[in-house]
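S.K.: Quick one: the structure is below, questions incoming.
Number of protein chains: 2
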Amino acid sequence: MRNLLMTVSYDGTEYFGFQTQPDGNTVQDHLEAAILGLTGEVVKIHGSGRTDAGVHAREQPFHVHTESKIPVDRWRMALNGRLPADIRVTDVQEVPLSFHARRSAKRKTYRFSINANRVPDVFNRRYQVHHPGQLNVENMQEGLKYLIGTHDYTSFASRHSTKASHVRTIYEAWIELDRSGNYSGSHEQGVIHIFMTGSGFLQHMVRIIVGTLLQVGEGKRKPEDMKKILEAQDRAAAGPTAESKGLMLWEVLYEQTDLTAGDLTELNNYET
Amino acid sequence: MRNLLMTVSYDGTEYFGFQTQPDGNTVQDHLEAAILGLTGEVVKIHGSGRTDAGVHAREQPFHVHTESKIPVDRWRMALNGRLPADIRVTDVQEVPLSFHARRSAKRKTYRFSINANRVPDVFNRRYQVHHPGQLNVENMQEGLKYLIGTHDYTSFASRHSTKASHVRTIYEAWIELDRSGNYSGSHEQGVIHIFMTGSGFLQHMVRIIVGTLLQVGEGKRKPEDMKKILEAQDRAAAGPTAESKGLMLWEVLYEQTDLTAGDLTELNNYET
C-alpha cells in the first residue's frame, strides 16, 4: 500500500465542485475514473477540502491509497491522458501513510477575482466576476483587516453550515490590483484580487466576505462595519454571497515533516 | 450616415473566424445580428482583416456605416447586452466616412502563445498551444530575426493564398518568456509568446512561421535555416502550420489623421 499526494488544477465552470455529489459530474468523480482506468483499482480520493459548484482550483491537493506498482513519475501524464482538458494533475509524490490531505493541511489560501473595468475580459470571463462601476479599493482593504485573527465567523458562513464551531483563524488577507490586462488607452480600475489565508474556511465564507466587501467598496457600508458584522454572529448582518466563478483555491500548505516523515528514504517528487 | 469604428475582443474557440462564411457561426455574424437588434438596420461590417477559425482577437477593429441616431456612448453596452459572453465590444468611436478598418490599417500585431511546461495551464488552455519538451528560445529568437524586413513570404503562406503578391513587411518580431504563471516549486520553461508586427500577413503566415520556429527550438533546424526557407519561396520548404488556438490578433494601428480628419469637430471616444 502506498499513499500518493497529488495536486490538481481545474476550471470548475462545468463541475458541481470537487467532492462527489449524488448528481455526479464532480472533479473527484473524474479523478477516480482516471485512476480506475490507469490501475484497475476502485479508489476513494481524499481532497484537501470541498469546493462549491463553479469554483476553480490552482493546485488542490488530494491523497489516495493504492496497491499499484506503477512508478510515481508515470502517474501524472497517464492520468492527464484520461482526464478532460479542464482538469489537470500537476504533481504526484509519495507520502507517508499517516499523511491526510485535509487533516494535515496547515494553511489554505483562496483568491477571489473581481473585474472592475467597464467591459468584461473575454479571456478570463470564467474566472472573474464582472463588477463595473467605481469601487473604493482602499476602503475594501481597510475593511478586510478587521477579519484577520481568530474569530467566530458565523456572520460569514452559510446558514446550512453543519460545523459544530464557527471559530477559524485568518492569518493574512490582502488585495492585489492588476491593471496589466487593461486595454490600450483605457482608464479603468483593473482587476481586484482578494486573497485570504487561513486555518480553514466555512461554507461560502470567502464568497460572503467578498460580497460584503463589495458593499464597502461601493460605499454602502463603512470599513469598520466589518467589525460589527463579525461581532453580530448572524448571517443576516453580512452582505450577499458573491458568485462562485470568481473564487479559486489558490494554495494549500503542509508541514514539510508531514510530507517526509516515516520510513520513506526518498521524497519522490517528480518536479525536483 | 455615420461611420463608427469599434474594437471587439473575442475568444475564437467556438467560431469559424471573424469574417462571414457560408456555414455561418462567425464573429461578424454575431456583431451584425447585435447591430440589427439595436438599430433595426441590416448592415455589413468591415473588419481589419480575416482571422482563421479558432483564432482569438484582443481588440480587433471594424467599421460600420449607420443611419442610426443612437449616441456613440450608448453603443458599447447595448451591443454587449446582445452578444454571447465570448464576444465583447471594447470601444466605439465615430470616424470620418473615408476611414476603412482594413484599408486604413498601418500596422498589425499578432501574438502566438506556446506553453512549454510539462502540464498545460487549464485556465489558458483555449489560448495556448501546449508543447512540452525543451525548446531553445535563444535559437528561436535568432531564427525569427531573419524574417524581419520586406520579403516575399511565399514559403510561409498557405498554398491556397489568392493574393497577387506575397511581398509583405515585418517591422518587428520578438519573443517574451512569461514564467509568472508557473506552479510553485516547478522548474519549467514557462509560456513563450511570439509577437510579430507587420504591414499585413498572408493566410496562415504567422502560424507557419511559428510551426517552423518550433522546429528551430527543438533543434531540428538551425536559426539560419529561416533565411534559406524564405529565399526558397516554396511552402514545402517551411514547417507545419501551428494550431490556431495559440494565435491572437493583438493590435491594429492607424494613423491618427485617418481617425480624426474630415469635418469632425470632436472625436467621440468613449474612453477619454
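Residue numbers (numbering that gives the first Met the number 0), protein chains in the order written: chain A, 0 to 271; chain B, 0 to 271.
Note that beta-carbon positions come from the ideal geometry of N, C-alpha and C, so glycine has one too.
Predicted model only: the values in this text are computed from it and were never measured.
By the DSSP assignment, the beta strand (DSSP E) with A172(A) in it spans what residues?
M.R.: Translated into the one-based positions of the first sequence, residue 172(A) becomes position 173. That run of the beta strand (DSSP E) goes V166 to D177.
S.K.: Shorter than 8 Å from the beta carbon of N273(A) to some beta carbon of chain B?
M.R.: Residue 273(A) cannot be examined here, being either before or after the span of chain A that is shown, 0 to 271.
S.K.: Might you give, ordered along the chain, the residues of its own chain that have their beta carbon closer than 8 Å to the beta carbon of Q127(A), omitting 5 neighbours on each side?
M.R.: Reading the first sequence from its first residue, position 128 is the one you call residue 127(A). S112, I113, N114, P119, D120, V190, K244 and G245, listed in sequence order.
S.K.: Should R81(B) be flagged as near chain A, meaning a C-beta pair shorter than 8 Å?
M.R.: On the second sequence, residue 81(B) is found 82 positions in, with the first residue counted as 1. No - not a single Cβ of chain A is within 8 Å of the one on R81(B).
S.K.: Please say whether Q59(A) and G46(A) have beta carbons closer to each other than 8 Å?
M.R.: Within the first sequence, numbered from 1, the residue matching residue 46(A) stands at position 47. Within the first sequence, numbered from 1, the residue matching residue 59(A) stands at position 60. In contact: G46(A) and Q59(A) (Cβ atoms closer than 8 Å).
S.K.: Comparing the C-beta of A84(A) with each C-beta of chain B, is any distance below 8 Å?
M.R.: Here residue 84(A) refers to the residue found at position 85 when the first sequence is read from its first residue. At least one chain B Cβ lies under 8 Å of A84(A).
S.K.: Helix, strand or coil for S183(A), going by three-state DSSP, please let me know.
M.R.: Residue 183(A) sits at position 184 when you count from the first residue of the first sequence. Residue placement at S183(A) cannot be trusted, given a pLDDT of 48 that sits under 50; the coordinates are not used to answer.
S.K.: Any Cβ of chain A within less than 8 Å of the Cβ of D10(B)?
M.R.: Translated into positions along the second sequence, residue 10(B) becomes position 11. Yes, because at least one Cβ of chain A sits closer than 8 Å to the Cβ of D10(B).
S.K.: Put E270(A) into one of helix, strand or coil per three-state DSSP.
M.R.: For the purposes of this step, residue 270(A) is identified with residue 271 of the first sequence, where counting begins at 1. With a pLDDT of 37 at E270(A), under the threshold of 50, the predicted position of this residue should be treated as unreliable, though the coordinate-derived value follows. Coil, per DSSP.
S.K.: Taking C-alpha atoms, which residue in G197(A), L201(A), Y152(A) and H192(A) lies nearest to Y170(A)?
M.R.: Here residue 170(A) corresponds to residue number 171 of the first sequence, with the count starting at 1. With distances taken between Cα atoms, Y170(A) lies closest to G197(A).
S.K.: Which value, in whole angstroms, describes the spacing of the CA atoms of T25(B) and L143(A)?
M.R.: Locating residue 25(B) in the second sequence gives position 26, where the first residue counts as 1. Locating residue 143(A) in the first sequence gives position 144, where the first residue counts as 1. Computed Cα separation, rounded: 44 Å.
S.K.: Would you mind working out which of A84(B), L30(B) and A104(B) sits nearest W74(B), comparing C-alpha positions?
M.R.: Numbered from 1 along the second sequence, position 75 holds the residue referred to as residue 74(B). Of the candidates A84(B), L30(B) and A104(B), the one whose C-alpha sits nearest the C-alpha of W74(B) is L30(B).
S.K.: If the cut-off is 9 Å on Cβ atoms, which residues from the region 87 to 98 of chain B count as contacting chain A, listed in chain order?
M.R.: Per Cβ criterion, the list reads R87, V88, T89 and D90.
S.K.: By Cβ distance, which residues of its chain are closer than 8 Å to E242(B), with the 5 residues on each side in sequence left out?
M.R.: Position 243 of the second sequence, counting from 1, holds the residue named residue 242(B). G53, V128 and R206, listed in sequence order.
S.K.: Of the residues I208(A), T149(A) and V136(A), which one's Cα is nearest the Cα of E217(A)?
M.R.: On the first sequence, position 218 is the one that residue 217(A) refers to. Minimum Cα distance to E217(A) is reached at V136(A).
S.K.: Taking the beta strand (DSSP E) that M0(B) falls in, what are its first and last residues?
M.R.: Here the question's residue 0(B) lines up with position 1 in the second sequence. No beta strand (DSSP E) contains M0(B), which DSSP labels as neither H nor E.
S.K.: Can you give me the Cβ contacts of E175(A) inside the same chain, cut-off strictly under 6 Å, excluding the 5 residues immediately before and after it?
M.R.: One-based indexing of the first sequence puts residue 175(A) at position 176. Closer than 6 Å at Cβ, skipping near neighbours: H192.
S.K.: What runs of the alpha helix (DSSP H), each 4 residues or longer, lie entirely inside the region 191 to 262 of chain B?
M.R.: Counting whole runs of 4 or more residues, the region 191 to 262 of chain B contains the alpha helix (DSSP H) stretches 204 to 216, 224 to 231 and 255 to 259.
S.K.: Within a Cβ cutoff of 6 Å, which residues of the same chain sit near V251(A), ignoring the five residues on either side of it in sequence?
M.R.: Within the first sequence, residue 251(A) is the residue found at index 252, counting from 1. Cβ neighbours of V251(A) beyond the five flanking positions: S47, P60, A104 and K107.
S.K.: Sorted by chain position, which residues of the same chain lie with C-beta nearer than 7 Å to M204(A)'s C-beta, five sequence neighbours on each side aside?
M.R.: Reading the first sequence from its first residue, position 205 is the one you call residue 204(A). Hits under 7 Å: Y152, F155 and A156.
S.K.: F111(B) bridges to which residues according to DSSP?
M.R.: Counting from one through the second sequence, the residue named residue 111(B) turns up at place 112. Partner(s): I193(B) and L246(B).
S.K.: How many whole angstroms separate the CB atoms of L3(A) and T65(A), which I take to be in contact at a CB cut-off of 8 Å?
M.R.: Translated into positions along the first sequence, residue 3(A) becomes position 4. Translated into positions along the first sequence, residue 65(A) becomes position 66. That belief holds up - the Cβ atoms of L3(A) and T65(A) are roughly 6 Å apart, short of 8 Å.
S.K.: Report buried or exposed for S164(B), applying the criterion of at least 16 other Cβ atoms within 10 angstroms of its Cβ.
M.R.: Numbered from 1 along the second sequence, position 165 holds the residue referred to as residue 164(B). So S164(B) counts as exposed.
S.K.: Check the C-beta distance from S8(A) over to E40(A) and give it rounded, since I have them as a contact under 8 Å.
M.R.: For the purposes of this step, residue 8(A) is taken as the residue at position 9 of the first sequence. For the purposes of this step, residue 40(A) is taken as the residue at position 41 of the first sequence. 23 Å between Cβ atoms; not a contact.
S.K.: At a CB-CB cut-off below 9 Å, which residues of chain A make contact with Y170(B)?
M.R.: The count along the second sequence starts at 1 and reaches residue 170(B) at position 171. Per Cβ cutoff of 9 Å: no residues; Y170(B) is ~18 Å from chain A at best.
S.K.: Pick helix, strand or coil for F61(B), following the three-state DSSP scheme.
M.R.: Indexing the second sequence from 1 puts residue 61(B) at position 62. If DSSP states are grouped into helix, strand and coil, F61(B) belongs with the strands.
S.K.: Alpha carbon to alpha carbon, what distance is there between K43(B) and S97(B)?
M.R.: Here residue 97(B) corresponds to residue number 98 of the second sequence, with the count starting at 1. Here residue 43(B) corresponds to residue number 44 of the second sequence, with the count starting at 1. Each residue's Cα considered, the two are about 16 Å apart.
S.K.: Would you list the residues sitting across from Q92(A) in a DSSP beta bridge?
M.R.: On the first sequence, position 93 is the one that residue 92(A) refers to. DSSP output for Q92(A) lists L4(A) as bridge partner(s).
S.K.: Sorted by chain position, which residues of the same chain lie with C-beta nearer than 6 Å to A237(B)'s C-beta, five sequence neighbours on each side aside?
M.R.: Here residue 237(B) refers to the residue found at position 238 when the second sequence is read from its first residue. The residues are S154, F155, I207, T211 and I228.
S.K.: Using a threshold of 8 Å, state whether the C-beta atoms of D90(A) and M5(A) are closer than that.
M.R.: Position 91 of the first sequence, counted from the first residue, corresponds to residue 90(A). Position 6 of the first sequence, counted from the first residue, corresponds to residue 5(A). Against a cut-off of 8 Å, the Cβ pair of M5(A) and D90(A) comes out as a contact.
S.K.: Would you identify the three-state DSSP class for I69(A), choosing helix, strand or coil?
M.R.: By one-based count along the first sequence, residue 69(A) stands at place 70. Three-state DSSP puts I69(A) in coil, outside helix and strand.
S.K.: State the DSSP-derived secondary structure class of V121(A), mapped to helix, strand or coil.
M.R.: Along the first sequence, read from residue 1 onward, the residue named residue 121(A) stands at position 122. Of the three classes helix, strand and coil, the one that applies to V121(A) here is helix, per DSSP.
S.K.: Note down, in chain order, every chain B residue with its Cβ under 9 Å from the Cβ of R124(A).
M.R.: On the first sequence, residue 124(A) is found 125 positions in, with the first residue counted as 1. Result: D10, A84, D85 and R87.
S.K.: Cβ closer than 7 Å: which chain B residues qualify as neighbours of P119(A)?
M.R.: Against the first sequence, residue 119(A) aligns to sequence position 120. In chain order: R87.
S.K.: Using a Cβ-Cβ cut-off of 6 Å (strictly less than) and excluding sequence neighbours within five positions of P21(A), which residues of its own chain qualify?
M.R.: By one-based count along the first sequence, residue 21(A) stands at place 22. Correct list: empty, nothing qualifies.
S.K.: Under a three-way DSSP split, which group does G148(A) fall into?
M.R.: Residue mapping note: residue 148(A) aligns to position 149 of the first sequence, counting from 1. Here G148(A) sits in strand by DSSP.
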